[in-house]
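Residue numbers (full-length UniProt numbering): 1 to 873.
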């Protein structure tokens, strides 16, 4: 073996071999596949515009651990990869590129623009896929899908038409979230943030008494042109006499009524509020209750219209200041105050979102009813389990989902309108005439579907649903869908539970009458070491590609796995990755040590373990296998990784390797156990485990099969008797080392040490292990206390080191000097704390620090007195 492990070269070479040999395919492990064992997991399709970020790295690492584990455990395994067309984001990217050349999408037309987007997708879409390969993940790349490929287009049309015909998709006028740049948005595509704005108090003069006015408070004065009422609470004694009267809107002079509605918060502003039904979500409901007029005051781009008098043509936000200036000039502004409120922003372009009435396509909320029932019945399990509460709460409050988007890039809505007879119909194909009047004059709805509509079909559209499969029976299809639906498991971030997970749940249940997943694991966020969200503004973003370059894919993966505690944010740092780098160095050095003592090692199932040390490490290995399997099966990735870490570092390297120096015959057995542990480690650290396995086998991956398609280790019965013996051996070594350290002989070899066991275990045949690692020429077991010796007491034994011939004067002098110093410190602190004046005047933190210092000094003094007593004896 080389002096150092070259991770970069190894990872690049091994990944290429794995992929070329088809190890990621569903039948790659055919020789070990067991009947009826199938595993399917879907990759959350990253945006085609994206690049690998640390959140992706966590998701893909955990998915890869599960996939590699199941593949090695005899499952027919499909990890379905793919990319999402990311409607808004992708269109924005290509639009900006064209604008930089002085070209607008309108100038080239829809067909040519979509062609440009496809060209860009082909050129840049593979970037994130290349980056994912750097992480060492093993999805079935040959089956990679794209949410706009031909097969998925058919699935989208089939799903839409089916829901349309069931009356679950409708086109209606609704109050929606509207981005003046990107168009219609669903509720969860709006990000609400704290905003430091203003509260404007406006005077509306009474129509029948022009000298008097009422004052209303608003945060959006530019919308007042659309006011169709002023509203008070019917229980507000201040304004009961005004109900039914009218006020005049300034500048435009339109009269509107004063109405009463319990919706009004009497504590907000003046207790009177303006009602703008066409531009406020709450006012929309009020307008319907009171049959008010709905007046739209700006268009889809946010440009004020003819309702706004001389302000027509201004953009709604830009118009605010000149409108307020004019209202001040004519005496209609009472006052303006600073006001903190929540404002909604488009999750893509960060534009301020407006409530806006528009005719859009909606999925009715009833689509989720059966999915809610099935989840409540336990047909899908959440990990951690508390996420079911969030899922249920959101689903119970579900509103109709706006699915139409005013874009050109995406799945065009498969609804057609006849220009002759006005017939509307949905069609999975490409119609050539109106089915009602047979006219050739018809057009397709210009909008496209929300990206989440197509990605909501991902668990089954990728398996061929919607592509004309032959029915196996009335519900299930032949081929992939029959084998892999429902998917076994979903792993994704909790932050897309409502964006994606919930939509897959009700889309899958509706299309196939079965929830799409058995298990749903929602991981937390990856944050910096201080627990802060990563952001460019904070400068704390960890680029996974940089981490892979500096450390290795294995190190990044294992660090993330170690930190992936269910339900807890991951605090990632360079320090943690350095600790894992030390672990990989430990493994590499263990491999080098083994090969220094043996030329090659057989697999564990081909040898008979005969030595006591070999039997001990094998027994501990079986316990590690049990822990790892149990924890992976329960998606406790951190516990599984910790079990591997502790066994390999604490037990195998720190004790197994060291103890083997007293038993050369055990090295061949330890090498076989180490190789088997590399299989256990493979799903977490696939590269170094592959490398070390072949090094110890004296083979290479170029000419041998990979361990990634070998059988995953099985746990077997432990040898508890040998474990007990070696636990006492280790306890004796540690005890003697502590006793030696007391008399400052920690690294020196001594002539003799005694061990007094509490039980009747016979360790005489293991004394060579104790002698070697405790650096003693002779170990003697005794049943009684040894006089004239320093001792150390542990749980199951006591060790003694004779003091005869040991010069203790320097040690005793040092301890007495420390005792004197501590005595002075204790006297000083005690005196201060007994001083009433000091206690009365000193800051509380100083008092607490003194109390803590006194307690520590007293504890240290006890220890020193204990040591001196040993020497006096």
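From the three backbone atoms N, C-alpha and C, an ideal C-beta is built for every residue, glycine too.
Per-residue burial, residue i [other beta carbons within 10 Å of its own, 16 or more giving buried]
i: residue 297; result: buried
i: residue 669; result: buried
i: residue 456; result: buried
i: residue 412; result: buried
i: residue 109; result: exposed
i: residue 532; result: exposed
i: residue 535; result: exposed
i: residue 397; result: exposed
i: residue 743; result: buried
i: residue 813; result: exposed
i: residue 443; result: exposed
i: residue 177; result: buried
i: residue 223; result: buried
i: residue 475; result: Here residue 475 scores only 41 on pLDDT, less than 50, and its place in the model should not be relied on; the value that follows carries that caveat. Exposed, because fewer than 16 other Cβ atoms sit within 10 Å of the Cβ of residue 475.
i: residue 99; result: exposed
i: residue 511; result: buried
i: residue 35; result: exposed
Contact check, residue i vs residue j, beta carbons under 8 angstroms
i: residue 137; j: residue 14; result: no
i: residue 659; j: residue 587; result: no
i: residue 763; j: residue 728; result: yes
i: residue 292; j: residue 228; result: yes
i: residue 448; j: residue 405; result: yes
i: residue 359; j: residue 173; result: yes
i: residue 427; j: residue 248; result: no
i: residue 246; j: residue 259; result: no
i: residue 949; j: residue 467; result: Because the chain here runs from 1 to 873, residue 949 falls outside it and cannot be looked at.
i: residue 131; j: residue 52; result: yes
i: residue 50; j: residue 169; result: no
i: residue 797; j: residue 854; result: no
i: residue 554; j: residue 584; result: yes
i: residue 799; j: residue 755; result: yes
i: residue 737; j: residue 599; result: no
i: residue 425; j: residue 362; result: no
Own chain partners of residue i with C-beta closer than 8 angstroms, once the 5 adjacent residues on each side are dropped
i: residue 869; result: none
i: residue 562; result: 576, 580, 638, 641, 642 and 645
i: residue 302; result: 180, 315, 316, 317 and 354
i: residue 894; result: No statement about residue 894 is possible, as the shown extent of the chain runs from 1 to 873 and does not include it.
i: residue 421; result: 434, 436, 437 and 439
i: residue 32; result: 72, 74, 709, 710 and 711
i: residue 349; result: 88, 92, 179, 181 and 182
i: residue 219; result: 197, 198, 199, 200, 339 and 341
Contact with chain C by residue i, beta-carbon distance below 8 angstroms
i: residue 748; result: Here chain C cannot be found, since the structure has a single protein chain.
Own chain residues within Cβ distance below 7 angstroms of residue i, not counting five before or after
i: residue 463; result: 480, 481, 484 and 485
i: residue 461; result: 152 and 155
i: residue 320; result: 221 and 222
i: residue 332; result: 202, 203 and 250
Opposing strand residues paired with residue i [DSSP bridges]
i: residue 491; result: 521
i: residue 601; result: Residue 601 pairs with nothing; no bridge assigned.
i: residue 229; result: 275
i: residue 621; result: DSSP lists no partner for residue 621.
i: residue 424; result: 417
i: residue 879; result: This structure does not reach residue 879, given that the chain is present from 1 up to 873, and the question cannot be answered.
Neighbourhood of residue i by C-beta distance below 6 angstroms, restricted to the same chain and skipping five residues each side
i: residue 84; result: 45, 47, 147 and 455
i: residue 691; result: 10
i: residue 280; result: 355
i: residue 819; result: 864
i: residue 621; result: 673
i: residue 445; result: 413 and 415
i: residue 423; result: 434 and 436
Within the segment 106-174, ranges of the alpha helix (DSSP H) (whole runs, at least 4 residues): Entirely contained in the segment 106-174, the alpha helix (DSSP H) runs reaching 4 residues are, in chain order, 127-134 and 150-165.
Could you tell me which uninterrupted alpha helix (DSSP H) segments, each at least 4 residues in length, are contained entirely in the segment 738-801, listed from first to last along the chain? Annotation: the segment 738-801 contains the following complete segments of the alpha helix (DSSP H) (minimum length 4 residues), in chain order: 767-774.
Continuous alpha helix (DSSP H) assignments of at least 4 residues falling wholly in the segment 2-74: List check, alpha helix (DSSP H) in window: 7-20 and 54-72.
Contiguous beta strand (DSSP E) assignments of at least 3 residues, all confined to the segment 296-362: Here the runs fully enclosed are 333-346.
Restricting to runs no shorter than 3 residues, where is the beta strand (DSSP E) found entirely within the segment 176-208? Unbroken beta strand (DSSP E) stretches of 3 residues or longer found wholly inside the segment 176-208: 183-185 and 190-206, given in chain order.
Taking the runs of the alpha helix (DSSP H) that are 4 residues or longer, which of them lie wholly in the segment 253-290? DSSP runs (the alpha helix (DSSP H)) wholly in the segment 253-290: 281-289.
What are the uninterrupted segments assigned as beta strand (DSSP E) that are 3 or more residues long and contained completely in the segment 547-589, given in chain order? Correct list: empty.
Run through the segment 364-400 for me and flag every whole alpha helix (DSSP H) of 4 or more residues, listed as ranges in chain order. Within the segment 364-400, the complete alpha helix (DSSP H) segments at least 4 residues long are 369-376 and 387-396, listed from N- to C-terminus.
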